[in-house]
Amino acid sequence: MGEELCNICNDKSTGKHYGAVSCDGCKGFFRRSIRKRYHYVCRFEKCCDVTKNKRNACRSCRLQKCVKAGMKANAIQNERDAIGKRKKAGDQTETEKEELIDQLVAAETLCQQLRSSVIKRTQQVSYDCGKVKWNYEDDRRATLDDIGKSIHQQLVLLVEWAKSLPQFTFLAISDQASLLKGTAASIIVLGVAFRSICLTVGDSICLANDTLLQKDHATHVGDINCVVGRIIDEVVNPMRRLNMDLIEYVALKAILFFNPVVRELQDVANIENSRFACLRSLQKRCAEKAVLALEDDGFDCRSGKLLLLLPSLQAIAQQLVEDVQLARLFGLVNVDALMSELILNDQKASDPQILQTSLSSPVESIKTELEE
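Heads up, the sequence shown is in UniProt numbering, so the first residue is 1 and it goes up one at a time.
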């Protein structure tokens, strides 16, 4: 007889859980979804592929398949977990760490797919930077208009990325808005830096629309050359030296995003737990890479070096905000409502409904906004 497979994703089954033959991954997913009362929404047509390799792409379809396979919510409500309430907040099993990483990678992949579908010049850059070589002569330099559009596109994608994370959608709208406002500029800097790891052209960064911005590029916008130089020296080059990969990037991005000291947060405890869970997942990945590379200093040193990027990211982000303010003052860049609210935190200049609308918009409207 062959091994029994999970009725939800066709992975190797570990037995019958909550009424259905399933793997540990689907068992844990169903338990967390019911216990934390997550409300998932399918971004497409409620017929997403739920297989071992794609099961984290759509949590709504995965939960529905769990129910159709026979999983019962009351089996969880009546369950006396062996570790139950003794489990400390933020503690994770190895399976949960892997599930979280899968969620973060799926969220990043969704954003890249959205970006690729609307930016015609996108060059399908692989995240395996060792295999990618850029030819500067084939790409154009960024104009002031490119800089403004790139920031707008990254903000739209940031909102979409956040909406695909259950840890985010579980929060009140006010906390969702506060996290986005408090971290948007830093997330933009991190994203630009990671996209720029693969560049063979020195002293350049790659914007979201695949245009290149050089350190000595004359933009007439404040200290933009200084910002570009700091991104390269303080973020891109350290990432290159560490050979930072996609998993480390998405984990660091989530750690940066779930910042419990952002102003006006209400549910600080859950945000702290989300950040701690992302930190543990980053440490797990660093441990795996340390073993493969036979590094003497181990994963603690590697994860520490990655976390040391956070202060630089936040400092550069503040400088970016100041440059955007200056550009708006002199009319050099079109600062729209979303940029006003998320980057400049300017309530007077922004539409009070713009962020709330973005948080509830379907995926098709996101594509339209990216094209603007």
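Ideal placement from N, C-alpha and C gives every residue a C-beta, glycine not left out.
Problem set entry | Completely contained beta strand (DSSP E) runs for the stretch 168-226, where each covers 3 or more residues | 204-206, 212-214
Exercise. What is the DSSP secondary structure of residue 262, counted as helix, strand or coil?
Worked result: Counted from its first residue, the sequence shown places residue 262 at position 262. Coil at residue 262, not helix or strand.
For this session: Have a look at the DSSP bridge pairing and note the partners of residue 16.
Result: Taking the sequence shown and counting its residues from 1, the one referred to as residue 16 is at position 16. According to DSSP, residue 16 bridges with 21.
Problem set entry | Nearest neighbour of residue 172, chosen from 271, 115, 97, 338 [CA to CA] | On the sequence shown, position 172 is the one that residue 172 refers to. Of 271, 115, 97, 338, the residue nearest in Cα terms is 271.
Exercise. Going by DSSP, what residues sit across from residue 5 in a beta bridge?
Worked result: On the sequence shown, position 5 is the one that residue 5 refers to. Note: residue 5 sits in a beta bridge opposite 12.
Exercise. Under a three-way DSSP split, which group does residue 37 fall into?
Worked result: Taking the sequence shown and counting its residues from 1, one reaches residue 37 at position 37. Three-state DSSP puts residue 37 in coil, outside helix and strand.
For this session: Out of 256, 67, 4, point me to the one whose CA is closest to residue 191's CA.
Result: Looking up residue 191 in the sequence shown gives position 191. Ranking the options by Cα distance to residue 191, first place goes to 256.
For this session: Could you say if the stretch 226-246 and the stretch 176-193 meet the contact criterion of at least three C-beta pairs nearer than 8 Å?
Result: Contact holds: three or more Cβ-Cβ distances are below 8 Å.
Problem set entry | Nonlocal neighbours in the same chain, by C-beta distance under 6 Å from residue 188, ignoring five residues either side | Walking along the sequence shown from the start, residue 188 turns up at place 188. So the list reads 154, once near-sequence residues are dropped.
For this session: Out of 332, 252, 234, state which residue places its alpha-carbon closest to the alpha-carbon of residue 312.
Result: As a first step, residue 312 must be located in the sequence shown, where it is residue number 312. Among 332, 252, 234, the Cα nearest to that of residue 312 is on 234.
Problem set entry | Close-in-space but distant-in-sequence residues of the same chain around residue 10 (CB under 8 Å, 5 per side omitted) | The count along the sequence shown starts at 1 and reaches residue 10 at position 10. Residues of the same chain with a CB within less than 8 Å of the CB of residue 10, apart from the 5 flanking positions on each side, are 51, 52 in chain order.
Exercise. Name the DSSP bridge partner or partners of residue 141?
Worked result: Walking along the sequence shown from the start, residue 141 turns up at place 141. Note: residue 141 sits in a beta bridge opposite 212.
Problem set entry | residue 343 in three-state terms, based on DSSP | For the purposes of this step, residue 343 is identified with residue 343 of the sequence shown, where counting begins at 1. In the structure shown, residue 343 sits in coil (DSSP, three-state: anything other than H, G, I, E or B).
Problem set entry | residue 212 versus 63, 182, 251, 142, residue with shortest Cα-Cα distance | What you label residue 212 is simply residue 212 of the sequence shown in a count that begins at 1. Nearest of 63, 182, 251, 142 to residue 212, Cα basis: 142.
Problem set entry | C-beta atoms of residue 100 and residue 358 nearer than 7 Å | Here residue 100 corresponds to residue number 100 of the sequence shown, with the count starting at 1. Here residue 358 corresponds to residue number 358 of the sequence shown, with the count starting at 1. One thing to note: residue 100 has its Cβ no nearer than 7 Å to the Cβ of residue 358.
Problem set entry | Close beta carbons around residue 14, own chain, < 7 Å, minus the five adjacent residues each side | Walking along the sequence shown from the start, residue 14 turns up at place 14. Same-chain partners within the cutoff: 23, 24.
For this session: Would you be able to state if there are at least three C-beta pairs under 8 Å between the stretch 318-336 and the stretch 260-268?
Result: no
For this session: Report buried or exposed for residue 338, applying the criterion of at least 16 other Cβ atoms within 10 angstroms of its Cβ.
Result: Start at 1 with the first residue of the sequence shown, and residue 338 comes out as number 338. Buried.
Problem set entry | Inter-residue Cα distance where the pair is residue 216 and residue 229 | Sequence index remark: in the sequence shown, residue 216 carries index 216 (1-based). Sequence index remark: in the sequence shown, residue 229 carries index 229 (1-based). If you take the alpha carbons of residue 216 and residue 229, they lie about 9 Å apart.
Exercise. Any idea if residue 329 is buried or exposed, counting beta-carbon neighbours within 10 angstroms, 16 or more meaning buried?
Worked result: Within the sequence shown, numbered from 1, the residue matching residue 329 stands at position 329. When all chains shown are included, residue 329 counts as exposed.
Exercise. Of all the options 184, 37, 95, 32, which has the alpha carbon lying nearest to the alpha carbon of residue 284?
Worked result: Within the sequence shown, numbered from 1, the residue matching residue 284 stands at position 284. Checking every option, the nearest Cα to that of residue 284 belongs to 95.
For this session: Counting only the same chain and skipping the five closest in sequence on each side, list residues whose C-beta sits under 8 Å from that of residue 305.
Result: In the sequence shown, the residue the question calls residue 305 occupies position 305. Taken in chain order, the residues that qualify are 238, 242.
Problem set entry | Exposure label - residue 46; buried when at least 16 CB within 10 Å | Along the sequence shown, read from residue 1 onward, the residue named residue 46 stands at position 46. Classification for residue 46: exposed.
Problem set entry | Spatial distance of residue 182 from residue 259 (CA atoms) | The residue given as residue 182 occupies position 182 in the sequence shown. The residue given as residue 259 occupies position 259 in the sequence shown. Roughly 8 Å separates the two Cα atoms.
For this session: Could you pull out every residue in the same chain whose Cβ sits closer than 6 Å to the Cβ of residue 127, ignoring the five residues on either side in sequence?
Result: Along the sequence shown, read from residue 1 onward, the residue named residue 127 stands at position 127. Note that residue 127 scores a pLDDT of 41, beneath 50, so its modelled location is shaky; the value from the coordinates is reported in the next line. The answer, listed in chain order, is 246.
Exercise. Given residue 31, which residues of its chain have a CB within under 7 Å of its CB, disregarding the five upstream and five downstream residues?
Worked result: If you number the sequence shown from 1, residue 31 lands on position 31. So the list reads 76, once near-sequence residues are dropped.
Exercise. Just curious, the alpha helix (DSSP H) that residue 247 is in, first and last residue?
Worked result: Counting from one through the sequence shown, the residue named residue 247 turns up at place 247. Element bounds for residue 247: 246-257.
Exercise. Is it the case that the Cβ atoms of residue 3 and residue 16 are separated by a distance below 7 Å?
Worked result: Indexing the sequence shown from 1 puts residue 3 at position 3. Indexing the sequence shown from 1 puts residue 16 at position 16. No, the Cβ-Cβ distance between residue 3 and residue 16 is not below 7 Å.
For this session: Assign residue 148 to one of two classes, buried (16 or more other C-beta atoms within 10 Å of its C-beta) or exposed (fewer than that).
Result: The count along the sequence shown starts at 1 and reaches residue 148 at position 148. By the neighbour-count rule (16 or more Cβ atoms within 10 Å), residue 148 is buried.
Exercise. In angstroms, rounded to a whole number, what distance separates the CA positions of residue 34 and residue 27?
Worked result: Mapped onto the sequence shown, residue 34 falls at position 34. Mapped onto the sequence shown, residue 27 falls at position 27. Residue 34 and residue 27: Cα-Cα distance of roughly 11 Å.
Problem set entry | Buried or exposed by the 16-neighbour rule on C-beta atoms within 10 Å, applied to residue 107 | For this step, residue 107 is matched to residue 107 along the sequence shown. Result: buried.
Exercise. If you count every other CB in all the chains shown that lies within 10 Å of the CB of residue 41, and 16 or more means buried, which is it?
Worked result: Along the sequence shown, one-based indexing puts residue 41 at 41. With fewer than 16 Cβ atoms within 10 Å of its Cβ, residue 41 is classed as exposed.
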